[in-house]
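Participant: Take this structure first; my questions come after.
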Amino acid sequence: MSLHRFRLSVALAFATQGFVFISITTRLPDIKDRWHFSSLEVSASLLAVVLLAGAGSVAAETLAARSDSALILRIGLAGIGVGMPLVVAAPSIAVYWPGIVVYGLALGVVDAATNMQAVALEHRYGRPILPSFHGAWTFGGLVGAGLTVLTSSLSLPLASTALIAIVPLGAAAARYLPRVQAGTPVTASTPEAAPEAALGIPWRPILLVGLGMVVFYMVDTACQTWGAVYLDDVFGAPARWVALATLPYLLASLVIRLAGDSVVARYGAVPVLRIGAVVACAGLAVVVFAPTWPVAVLGFTVIGLGISVVAPLSFSAAGRIATGEDGDAHRERIDAVIARFNQFNYVGALLGAVLTGVVGSGELRFGFVIPMVLVLALLPLARHFAAVTAGTSRPLATSEEA
Numbered sequence: 008m009s010l011h012r013f014r015l016s017v018a019l020a021f022a023t024q025g026f027v028f029i030s031i032t033t034r035l036p037d038i039k040d041r042w043h044f045s046s047l048e049v050s051a052s053l054l055a056v057v058l059l060a061g062a063g064s065v066a067a068e069t070l071a072a073r074s075d076s077a078l079i080l081r082i083g084l085a086g087i088g089v090g091m092p093l094v095v096a097a098p099s100i101a102v103y104w105p106g107i108v109v110y111g112l113a114l115g116v117v118d119a120a121t122n123m124q125a126v127a128l129e130h131r132y133g134r135p136i137l138p139s140f141h142g143a144w145t146f147g148g149l150v151g152a153g154l155t156v157l158t159s160s161l162s163l164p165l166a167s168t169a170l171i172a173i174v175p176l177g178a179a180a181a182r183y184l185p186r187v188q189a190g191t192p193v194t195a196s197t198p199e200a201a202p203e204a205a206l207g208i209p210w211r212p213i214l215l216v217g218l219g220m221v222v223f224y225m226v227d228t229a230c231q232t233w234g235a236v237y238l239d240d241v242f243g244a245p246a247r248w249v250a251l252a253t254l255p256y257l258l259a260s261l262v263i264r265l266a267g268d269s270v271v272a273r274y275g276a277v278p279v280l281r282i283g284a285v286v287a288c289a290g291l292a293v294v295v296f297a298p299t300w301p302v303a304v305l306g307f308t309v310i311g312l313g314i315s316v317v318a319p320l321s322f323s324a325a326g327r328i329a330t331g332e333d334g335d336a337h338r339e340r341i342d343a344v345i346a347r348f349n350q351f352n353y354v355g356a357l358l359g360a361v362l363t364g365v366v367g368s369g370e371l372r373f374g375f376v377i378p379m380v381l382v383l384a385l386l387p388l389a390r391h392f393a394a395v396t397a398g399t400s401r402p403l404a405t406s407e408e409a
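The sequence shown begins at 8 in the working numbering and counts up one residue at a time.
Take a look at the structure:
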């Protein structure tokens, strides 16, 4: 199977994850109303998902010691397909919370495994391709947000939920990049090397790159989790339009991410990140001070233009640092590092989802002040992403594979 086909499969996995995640977050106002949750109780649900996803990512790191990331990804996608309908269409609160557990754990597994696959493929290609993978996630999110808008006035919640749940179950059947090349024997020593996979990794530069990813997910989660609630609570926007807090944000992110491969290859990560930080700060300021909900939607759109390439560049940088001189020879080590690095995702998600809700419990507008200020931390952190530039990755083995 050629690299191009593996790339399509991994892109499908990213798109599926985005589709399901945004399908849930854009339905938060409905979930909030159905169970009569306060903003703090919504924050508790989000905190549970974030903590469980962190546990799922740790489980993925453990599994990476003995299992192929392709298998790990299939398990996670199946879990999302089971957990999502329990969260969105639970008939009782007793079903809702087990759904949160299943979905949260599976989310962490898929987060880690998709990026394991993406980093491995980027090393094979020898050029930046992570932004377009994350663009696939954004495309899936756009479809999910659009579906929410289209079905918000329909009395078919179970049918639309079942339709969403089928997608990850179908994606689980796709073929993903195996750890070893076709025709390469699997040696008995491979599992033995993995328990100590993270030894010898320079964690300080990875930590500095990880701080950048914390900033991204703080902003991204605040927008995607609280955007719809923000339009509903602060402005009383019509119910069918609250998903517009997410939809233009994702559309702007998609445009930037699809262009990101070539832009980063040409200009390098540092200027792209610094300009993006300033743009995102400006967009958050528009959201905080917006007089009407259409102006707030414009602010969310500007945020998407500025912040969207931080996550893919973070995983690219972490993968390069973990690789060293060994290339794909010790992919189990790289997989373990990517799974551990993925924990920065949930630190940022805690800040974005939970802190935004807590600070904004009285007036949600104030909750967005936190990411507005902290996004500027990307200005000094950007220099640590300098390794993710054209010509630094291992060259593609054969042009025929690409």
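C-beta: ideal position from N, C-alpha, C; glycine also.
Quick check: what's the CA-CA separation for PRO298 versus SER315?
Facilitator: Looking at the two C-alpha atoms, the distance is approximately 25 angstroms.
Participant: The alpha helix (DSSP H) that contains ARG81, what's its start and end?
Facilitator: Note, ARG81: alpha helix (DSSP H), 76 to 95.
Participant: Quick check: LEU385 and GLY219, are their CB atoms within less than 9 angstroms of each other?
Facilitator: Taking 9 angstroms as the Cβ cut-off, LEU385 and GLY219 qualify as a contacting pair.
Participant: Counting Cβ pairs, one atom from each stretch, are 3 or more of them under 8 angstroms apart for the segment 143 to 161 and the segment 92 to 112?
Facilitator: No, the segment 143 to 161 is not in contact with the segment 92 to 112.
Participant: Take VAL262 and list the residues in its own chain whose beta-carbon comes closer than 6 angstroms to its own, dropping the five residues that flank it on each side.
Facilitator: Taken in chain order, the list of residues that qualify is empty.
Participant: Give me the Cβ distance between GLY355 and VAL366, rounded to the nearest whole Å; I'm assuming they're in contact under 8 angstroms.
Facilitator: Their Cβ separation, rounded to whole angstroms, is 15 angstroms, which puts GLY355 and VAL366 out of contact at 8 angstroms.
Participant: Does DSSP put ALA181 in a helix, in a strand, or in coil?
Facilitator: In this structure, ALA181 counts as coil in the three-state DSSP scheme.
Participant: How would you call TYR274, buried or exposed, if buried means at least 16 neighbouring beta carbons within 10 angstroms?
Facilitator: Per the 10 Å Cβ criterion, exposed.
Participant: Apply the 10 Å Cβ neighbour rule to HIS130 and answer buried if 16 or more other Cβ atoms are within range, or exposed otherwise.
Facilitator: By the neighbour-count rule (16 or more Cβ atoms within 10 Å), HIS130 is buried.
Participant: Is there at least one Cβ from chain B nearer than 9 angstroms to ALA125's Cβ?
Facilitator: Among the protein chains of the structure shown there is no chain B, as only one such chain exists.
Participant: For ILE100 and PRO209, what's the separation of their Cα atoms in angstroms?
Facilitator: Spanning the two alpha carbons is a distance of roughly 45 angstroms.
Participant: Taking C-beta to C-beta, are LEU80 and GLY115 nearer than 9 angstroms?
Facilitator: The answer is no: Cβ separation not under 9 angstroms.
Participant: Whole angstroms are fine: how far does the CA of GLY133 sit from the CA of PHE28?
Facilitator: For PHE28 and GLY133, the distance between alpha carbons rounds to 30 angstroms.
Participant: Compare the C-alpha of ILE82 against each of VAL108, LEU312 and PRO175 and name the closest.
Facilitator: Considering only alpha carbons, the answer is PRO175.
Participant: Note down the Cα distance separating LEU154 from HIS141, rounded to an integer number of angstroms.
Facilitator: If you take the alpha carbons of LEU154 and HIS141, they lie about 20 angstroms apart.
Participant: Excluding the 5 residues flanking ALA143 on each side, which residues of the same chain have their C-beta closer than 6 angstroms to its C-beta?
Facilitator: Around ALA143: ALA18, PHE21 and ALA22.
Participant: Quick one: residues in its chain with C-beta nearer than 7 angstroms to the C-beta of VAL286, no 5 flanking neighbours on either side, listed in chain order?
Facilitator: Same-chain partners within the cutoff: VAL309, LEU312 and GLY313.
Participant: Which of the three DSSP states is assigned to LEU149 in this structure?
Facilitator: In this structure, LEU149 counts as helix in the three-state DSSP scheme.
Participant: Closest to ILE171 by C-alpha separation, out of ARG34, TRP300, PHE26 and VAL304, would be which residue?
Facilitator: Measuring from the Cα of ILE171, the nearest candidate turns out to be PHE26.
Participant: How is the alpha helix (DSSP H) around ASN352 delimited, first residue to last?
Facilitator: Unbroken alpha helix (DSSP H) run through ASN352: 350 to 356.
Participant: Hey, would you say ASN349 sits closer than 9 angstroms to ALA119, going by beta carbons?
Facilitator: It is a contact, given that the beta carbons lie within the stated cut-off.
Participant: Just the Cα atoms here: how many angstroms apart are SER9 and SER46?
Facilitator: Rounded to whole angstroms, SER9 to SER46 spans 48 angstroms at the Cα level.
Participant: Roughly how many angstroms lie between the CA atoms of ALA180 and THR168, to the nearest whole one?
Facilitator: Taking the straight line from one Cα to the other gives about 20 angstroms.
Participant: Quick one, which of HIS11, ARG390, ALA51 and ALA246 has its alpha-carbon nearest LEU320's?
Facilitator: The candidate whose alpha carbon is nearest that of LEU320 is ARG390.
Participant: If I measure Cβ to Cβ from THR253 and keep anything under 8 angstroms in the same chain, skipping five residues before and after, which residues do I get?
Facilitator: So the list reads ILE29, THR32, THR33, GLY148, ALA152, CYS230, GLN231, GLY234, ALA235 and PHE307, once near-sequence residues are dropped.
Participant: Do you know how far the Cα of GLY90 is from the Cα of LEU84?
Facilitator: Taking the straight line from one Cα to the other gives about 10 angstroms.
Participant: So, helix, strand or coil for GLU370, using DSSP?
Facilitator: DSSP places GLU370 in coil when its eight states are reduced to three.
Participant: Using 9 angstroms as the threshold, is the C-beta distance between LEU54 and ALA360 below it?
Facilitator: Taking 9 angstroms as the Cβ cut-off, LEU54 and ALA360 qualify as a contacting pair.
Participant: Would you call VAL302 buried or exposed, if buried means 16 or more other Cβ atoms sit within 10 Å of its Cβ?
Facilitator: VAL302 comes out exposed.
Participant: Mind listing, in chain order, the continuous beta strand (DSSP E) runs of no fewer than 3 residues lying wholly within the segment 226 to 284?
Facilitator: Listed in chain order, there is nothing to give.
Participant: Using alpha carbons as the reference points, say which of LEU371, ILE328, PHE13 and LEU383 lies closest to ARG182.
Facilitator: Nearest option by C-alpha distance: PHE13.
Participant: Rounded to the nearest angstrom, what separates ALA246 and LEU35 at their Cα positions?
Facilitator: So the alpha carbons of these two residues sit roughly 12 angstroms apart.
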